[in-house]
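Chemist:
2 protein chains.
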Amino acid sequence: MLLSKSCVYGLRASIYLASKSDEEFNSIKEMSDKLEISFHFLTKILQQLTAESLMESYKGPKGGIRLTKKGREATLLDMVIAIDGPELFTQCALGLPGCGSATPCPLHESWIETRASIQGMLERTTLSELAREGKQNKFRLMADGSFNWD
Amino acid sequence: MLLSKSCVYGLRASIYLASKSDEEFNSIKEMSDKLEISFHFLTKILQQLTAESLMESYKGPKGGIRLTKKGREATLLDMVIAIDGPELFTQCALGLPGCGSATPCPLHESWIETRASIQGMLERTTLSELAREGKQNKFRLMADGSFNWD
DNA sequence: TCTATTTAAGAGTTTATTGTCTTAAATATA
DNA sequence: TATATTTAAGACAATAAACTCTTAAATAGA
Ligand code: FES
Ligand code: FES
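As you go down the protein sequences, you meet chains V and S in turn. Take any residue in the first sequence, note its place counting from 1, add 150, and you have its number in our numbering. Take any residue in the second sequence, note its place counting from 1, add 150, and you have its number in our numbering.
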């Protein structure tokens with residue numbers, strides 16, 4: 151799979167949050183219910199993102215999580231790298247250490263091009279854009295189309 | 151990672167075999183030594199490929215493995231699908247079931263395009279080509295450049 | 001035929017990923 | 001201040017991926 155499950159969950163949550171008001175803290179429990187993601191697992195992933203200042207959380211009643219300014223302006227690539235790390239965009243397609251034109255493997259030329267196209271696609275896409283389009287076109291954010299963008 | 155380790159090992163072995171004579175059976179032990187891949191693990195991966203008629207093996211002294219005609223004409227995509235399955239090229243980037251334009255997620259349009267570019271890159275590249283170029287340019291097939299194409 | 005060699009097959013182990021559960025810390029509100 | 005609510009943190013469990021080991025089957029060559 152291109153992205154880990156953690157990453158995919160993190161992206162879905164990010165898009166969810168991007169579709170919400172900037173100020174309000176959103177309950178993780180409610181989000182995990184709506185997106186059908188394990189609550190505790192999602193919490194851990196979001197903690198990674200708060201550690202990277204892409205989100206911020208607030209404890210207690212009325213508490214929850216929201217995107218920071220940085221997070222709202224972030225691209226999918228930023229989120230992916232925060233969760234899965236940059237390896238996908240730096241590593242050799244054949245898993246050899248030190249991918250580079252100095253010591254290319256047979257796939258190198260093709261791969262750096264394809265890799266750049268993956269990266270470019272993630273870089274071009276901002277969370278707010280995605281959330282806006284998702285809301286507008288009622289794209290789904292969970293298995294069945296039952297997700298409600300409000 | 152884009153491809154599983156099994157897949158990457160399988161690809162490296164496939165390129166290795168493509169650089170060898172069509173008729174001779176190549177010792178898996180020798181190949182696993184040269185490519186620095188666990189012998190038993192590699193054997194299992196190659197068994198998958200023989201099951202798909204991309205390779206054929208022969209037991210006993212002077213035994214080994216070689217590409218079939220089908221295997222020699224195969225593209226990287228064929229090898230990848232034989233080992234990792236077609237999921238990478240059919241599944242939703244957000245892991246939602248049933249990726250398709252009928253029930254798109256917010257990433258769908260971008261992803262099918264990028265996915266096609268990955269597939270295209272693997273499809274364009276045949277094993278024999280890769281082996282020929284690798285041999286010619288002494289591209290590396292293992293960690294250090296010490297691999298010898300003969 | 002006997003032995004050594006090599007792949008096949010399957011059980012078992014280790015490690016990483018994914019997911020669950022419990023307890024602690026913060027905080028709003030009664 | 002006491003309680004309920006919510007995230008934080010870490011231990012724990014289940015599953016999957018990666019890797020190892022053992023035994024069986026095929027076969028070349030002595
Ligand atoms: S060295 Fe293999 S892709 Fe760059
Ligand atoms: S439905 Fe998500 S990528 Fe197609």
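For glycine and all other residues, C-beta sits at the position ideal for the given N, C-alpha and C. Source: prediction; values computed, not measured.
For the beta strand (DSSP E) that contains residue 207(V), what are its first and last residues?
Modeler: Unbroken beta strand (DSSP E) run through residue 207(V): 205 to 208.
Chemist: Select from the segment 197 to 227 of chain S all residues with a C-beta closer than 9 angstroms to any C-beta belonging to chain V, and list them in chain order.
Modeler: Flagged, chain order: 226.
Chemist: In chain order, which continuous runs of the beta strand (DSSP E) of length 3 or greater are located wholly inside the segment 228 to 271 of chain S?
Modeler: The qualifying runs do not exist here; there are none.
Chemist: Which residues, in order along the segment 266 to 290 of chain S, keep a beta-carbon less than 7 angstroms from a beta-carbon of chain V?
Modeler: Within the segment 266 to 290 of chain S, the qualifying residues are 267, 268, 271, 275, 280, 283, 284, 289 and 290.
Chemist: Among 243(V), 227(V) and 198(V), whose alpha-carbon lies nearest the alpha-carbon of residue 236(V)?
Modeler: Checking every option, the nearest Cα to that of residue 236(V) belongs to 227(V).
Chemist: Measure from the C-beta of residue 181(S) to each C-beta in chain V and report whether the shortest distance is under 8 angstroms.
Modeler: Not closer than 8 angstroms to any Cβ of chain V, the Cβ of residue 181(S) fails to qualify, so no.
Chemist: For residue 164(S), count the other beta carbons within 10 Å of its own beta carbon; 16 or more makes it buried, fewer makes it exposed. Which is it?
Modeler: Flag for residue 164(S) reads buried.
Chemist: Under 7 angstroms: does the beta carbon of residue 261(V) sit that close to some heavy atom of ligand 1?
Modeler: Yes, since a heavy atom of ligand 1 falls inside the 7 angstroms radius drawn around the Cβ of residue 261(V).
Chemist: Nearest to residue 174(V) by CA position, among 266(V), 216(V), 240(V) and 259(V), is which residue?
Modeler: That would be 216(V), whose Cα lies nearest to the Cα of residue 174(V).
Chemist: Contact criterion: CB-CB distance below 8 angstroms. Does residue 229(S) meet it with respect to chain V?
Modeler: So no, residue 229(S) is outside the interface.
Chemist: Per DSSP, what kind of secondary structure is residue 215(V) in: helix, strand or coil?
Modeler: The answer is strand: DSSP assigns residue 215(V) an E or B state.
Chemist: Are any of the Cβ atoms in chain V nearer than 8 angstroms to that of residue 165(S)?
Modeler: Judged by the 8 angstroms Cβ criterion, residue 165(S) is in contact with chain V.
Chemist: Considering residue 183(V), what are the terminal residues of the alpha helix (DSSP H) in which it resides?
Modeler: Where residue 183(V) is concerned, the enclosing alpha helix (DSSP H) stretches over 178 to 185.
Chemist: DSSP beta-bridge partners for residue 225(S)?
Modeler: For residue 225(S), which the question treats as bridged, DSSP gives the partners 276(S).
Chemist: Applying a beta-carbon distance threshold of less than 8 angstroms, which residues of chain V neighbour residue 256(S)?
Modeler: Those are 165, 280, 281, 283, 284, 289 and 291, listed as they occur along chain V.
Chemist: Three Cβ pairs or more, each shorter than 8 angstroms: is that satisfied between the segment 182 to 190 of chain S and the segment 262 to 276 of chain S?
Modeler: They do not touch, by the three-pair rule.
Chemist: Hey, residue 253(S) and residue 290(V) are a contact pair by Cβ (cut 8 angstroms); roughly how many whole angstroms apart?
Modeler: Their Cβ separation, rounded to whole angstroms, is 6 angstroms, which keeps residue 253(S) and residue 290(V) in contact under 8 angstroms.
Chemist: Within its chain, find whatever has a CB closer than 7 angstroms to the CB of residue 239(S); leave out the 5 residues flanking it on each side and keep chain order.
Modeler: So the qualifying residues of the chain are 265 and 269.
Chemist: Output needed for residue 170(V): all residues of its chain with C-beta closer than 6 angstroms, excluding positions within five of it in sequence on either side, in chain order.
Modeler: Around residue 170(V): 176.
Chemist: In chain order, what residues of the same chain lie with their CB nearer than 6 angstroms to the CB of residue 280(V), ignoring the 5 residues before and after it?
Modeler: Excluding positions up to five away in sequence, the list reads 165.
Chemist: Given a threshold of 16 other Cβ atoms within 10 Å of its Cβ, counted over all protein chains shown, does residue 159(S) qualify as buried or as exposed?
Modeler: When all chains shown are included, residue 159(S) counts as buried.
Chemist: Quick one: which chain V residues come within Cβ less than 8 angstroms of residue 247(S)?
Modeler: By Cβ distance, chain V contributes 293.
Chemist: What number of angstroms, rounded off, separates the C-alpha of residue 214(S) from the C-alpha of residue 220(S)?
Modeler: When rounded, the distance between both Cα atoms is 18 angstroms.
Chemist: For a test of your reading of the model: does the CB of residue 236(V) fall under 7 angstroms from any non-hydrogen atom of ligand 1? Yes or no.
Modeler: Incorrect: residue 236(V) has no Cβ contact closer than 7 angstroms to ligand 1.
Chemist: So, at 7 angstroms on beta carbons, what are the nonlocal neighbours of residue 178(S) in its own chain, with the 5 sequence-adjacent residues on each side left out?
Modeler: Answer for residue 178(S): 189, 192, 193, 196, 214 and 215, listed in chain order.
Chemist: Cutting at 7 angstroms between CB atoms, please list the residues of its own chain near residue 244(V), excluding the five before and the five after it.
Modeler: Cβ within range, chain order: 255 and 257.
Chemist: Would residue 277(V) and residue 168(V) qualify as a contact pair, given that the criterion is a beta-carbon distance under 8 angstroms?
Modeler: Yes; because the gap between Cβ atoms is below 8 angstroms, this pair is in contact.
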